[in-house]
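Enquirer: Residue numbers (our numbering): 1107 to 1379. Quick reminder that beta carbons are idealized off the backbone N, C-alpha and C, glycines included. Only a predicted model underlies this, so the values are computations on that prediction, with no experimental measurement involved.
1. Run through DSSP, which three-state label would residue 1273 get?
2. In whole angstroms, give me the CA-to-CA distance for residue 1341 and residue 1364.
3. At which residues does the beta strand (DSSP E) containing residue 1190 begin and terminate?
4. Candidates 1172, 1295 and 1192: which alpha carbon is nearest residue 1186's?
5. Quick one: is residue 1327 buried, meaning 16 or more other Cβ sit within 10 Å of its Cβ, or exposed?
6. Are residue 1170 and residue 1145 close, meaning C-beta to C-beta below 9 Å?
7. What residue does the beta strand (DSSP E) around residue 1124 start on, and which one ends it?
8. Determine the closest residue to residue 1151 out of 1241, 1350, 1121 and 1377, with distance taken between C-alpha atoms.
9. Check for me: the beta strand (DSSP E) holding residue 1220 runs from which residue to which?
10. Would you report the Cα separation of residue 1335 and residue 1298, rounded to the nearest angstrom?
Okay, here's the thing in structure tokens:
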């Protein structure tokens, strides 16, 4: 299709289709079918009032979607949508439409020219990405909270090492405080303290081995030693400070291992110092 002639006269009302506003000789157009042409040229629809007829505008927009699939300009856009619609006189140059070519030269046919715009490019980046900023802000707050909690952990545990009190080596030896109830009682204050730490949910091994367990002496002995090993690995600050009864629990685990109770062999070498 050749470029439009701006000075062409509208000799009669006869819009035959929809075109884009591409460069000369590169325009794409979609001609109306006979039923649709009848809608556009229905009685009462004129060159002056076609915008006031919703069914005509709806028809033009539908054809514009087809034109967008052919238009080079529209295809270069991420999300093309209609910007403006104008009625233009044009000169057709299709070799297979000699009659229409002559009519267009005489100003007896017109096209609805559609200009496209990129809807995605026209969006305000701030409005489009507000949710990304929100996620980033929340992540920053969570990271800051976690960092503060890690920095405050040594202060909460204390930096000084508590030395065992006199007589502490006498607990958890055969016949002197080695029942399953007493072993549970030794772990309880340590477990309660650990639950107050910000990273409690990540202390998976401690949660698994320091709990109440079964009502058997061997299970409680194993849990006591394994609990000390787990705390040494996951919360070494508590091991160094000895707070929350951990020094007593550690001494108990040492005595259990020295007594050679059955079932403790795999865990005692992991106690360390």
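Expert: Reading it off the structure:
1. If you number the chain shown from 1, residue 1273 lands on position 167. Bear in mind that the predicted position of residue 1273 carries a pLDDT of just 44, short of 50, making it too unreliable to give a figure here.
2. The sequence position of residue 1341 within the chain shown is 235, counting from 1. The sequence position of residue 1364 within the chain shown is 258, counting from 1. Going from the Cα of residue 1341 to the Cα of residue 1364 covers about 24 Å.
3. Here residue 1190 is taken as the residue at index 84 of the chain shown, counted from 1. 1186-1195 is the extent of the beta strand (DSSP E) around residue 1190.
4. One-based indexing of the chain shown puts residue 1186 at position 80. Ranking the options by Cα distance to residue 1186, first place goes to 1172.
5. The residue labelled residue 1327 in the question sits at position 221 within the chain shown. Buried, since its Cβ has 16 or more Cβ neighbours within 10 Å.
6. Numbered from 1 along the chain shown, position 64 holds the residue referred to as residue 1170. Numbered from 1 along the chain shown, position 39 holds the residue referred to as residue 1145. Their beta carbons are not under 9 Å apart, which means residue 1170 does not touch residue 1145 by this criterion.
7. Sequence index remark: in the chain shown, residue 1124 carries index 18 (1-based). Residue 1124 -> beta strand (DSSP E) spans 1121-1126.
8. Within the chain shown, the letter at position 45 stands for residue 1151. Comparing Cα positions, the closest option is 1121.
9. Sequence index remark: in the chain shown, residue 1220 carries index 114 (1-based). Here the beta strand (DSSP E) through residue 1220 covers 1216-1224.
10. Against the chain shown, residue 1335 aligns to sequence position 229. Against the chain shown, residue 1298 aligns to sequence position 192. Each residue's alpha carbon lies about 17 Å from the other.
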